[in-house]
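Asker: Residue numbers (the numbering used here): 6 to 237.
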């Protein structure tokens, strides 16, 4: 499908069967020790699998990212107190996934869960695991740059892959995108009008996720600036 991947981009050949990922042992602790640019490149390859049309494949990839890579990342990069807080938060969020949304005292978190659940297709349960979210947030600068490059490629499959990775990235990052928000909004505004229907639809889905997690006062001025620039 796409061109060969490299350590600075997110273009991959997505013709592998990932359905047995959960049955294999991976050196996830080694992955979390690699340079950020390399971690981001490897993560981008996995993120393509999150939108695989074969449901068991998508579920296996999400399990790998959340239960193995994300957990290994937190063990390496968070201290004991942060890990304990993360564990408590995971338990609370899991209870909400099971139908308790809106019943707790953390209304903002409940609202995010409800909105995400309506915007994210299989295999996402709504909100993703804490460790995976923290990992993606930390790697955002190294993820967004190659995504932007791929979205500008002339090959449709490369742009489609990039749009799928951008969608998955925003599902994990949620509102923690301040550092790269201007770049993200620029990419969304450009790709939403792509001549390829699939690219445009994946970009639209990414916009929905952004709108579910990020306050309008943060992204609306960036959109207006873009419209003014386009309109002259």
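Beta carbons: idealized from backbone N, C-alpha and C, even for Gly.
For residue 173, which residues from the same chain have a beta carbon less than 6 angstroms from its beta carbon, with the 5 sequence-adjacent residues on both sides left out?
Answerer: 52 and 55
Asker: Beta-carbon separation of residue 145 and residue 180 under 8 angstroms?
Answerer: Against a cut-off of 8 angstroms, the Cβ pair of residue 180 and residue 145 comes out as no contact.
Asker: Look up residue 132 in the DSSP assignment and say whether it is helix, strand or coil.
Answerer: coil
Asker: Measure how close the beta-carbons of residue 149 and residue 167 come, nearest whole angstrom, since I'm counting them as under 8 angstroms.
Answerer: Not really, about 10 angstroms apart at Cβ, beyond 8 angstroms.
Asker: Starting from the Cα of residue 214, find the closest Cα among 40, 155 and 126 and give me that residue.
Answerer: 126
Asker: Do you know how far the Cα of residue 44 is from the Cα of residue 4?
Answerer: Not covered by the structure: residue 4. The range shown for the chain is 6 to 237.
Asker: If distances are taken between C-alpha atoms only, which option among 158, 185 and 124 comes closest to residue 147?
Answerer: That would be 185, whose Cα lies nearest to the Cα of residue 147.
Asker: Of the choices 189, 208 and 199, whose alpha-carbon is the least far from that of residue 225?
Answerer: 189
Asker: Could you tell me the alpha carbon to alpha carbon distance between residue 47 and residue 78, rounded to whole angstroms?
Answerer: 14 angstroms
Asker: Within 10 angstroms of its Cβ, does residue 183 collect 16 or more other Cβ (buried), or is it exposed?
Answerer: exposed
Asker: Quick check on DSSP: helix, strand or coil for residue 35?
Answerer: helix
Asker: In this structure, does DSSP put residue 42 in helix, strand or coil?
Answerer: helix
Asker: Leaving out five residues before and five after residue 42 in sequence, what residues of the same chain have Cβ atoms less than 6 angstroms from its Cβ?
Answerer: 147
Asker: Use the C-beta contact count for residue 207: other C-beta atoms within 10 angstroms, 16 or more gives buried, fewer gives exposed.
Answerer: buried
Asker: Report the CB separation of residue 238 from residue 232 in whole angstroms; it is logged as a contact under 8 angstroms.
Answerer: As shown, the chain starts at 6 and ends at 237. That puts residue 238 outside it, with no answer to give.
Asker: Using the three-state DSSP reduction, which class does residue 230 fall into: helix, strand or coil?
Answerer: helix
Asker: Can you list, in chain order, the residues of its chain whose CB lies under 6 angstroms from that of residue 161, leaving out five sequence neighbours each side?
Answerer: 201
Asker: What would DSSP say about residue 103, mapped onto helix, strand or coil?
Answerer: With a pLDDT of only 49 at residue 103, under 50, the local geometry of the prediction cannot be trusted, and the value read off the model is given with reservation. DSSP places residue 103 in helix when its eight states are reduced to three.
Asker: Return the Cβ separation of residue 156 and residue 164 in integer angstroms, given the expectation that the two are a contact with Cβ distance under 8 angstroms.
Answerer: Approximately 6 angstroms separates the beta-carbon atoms of residue 156 and residue 164; this is inside 8 angstroms, confirming the contact.
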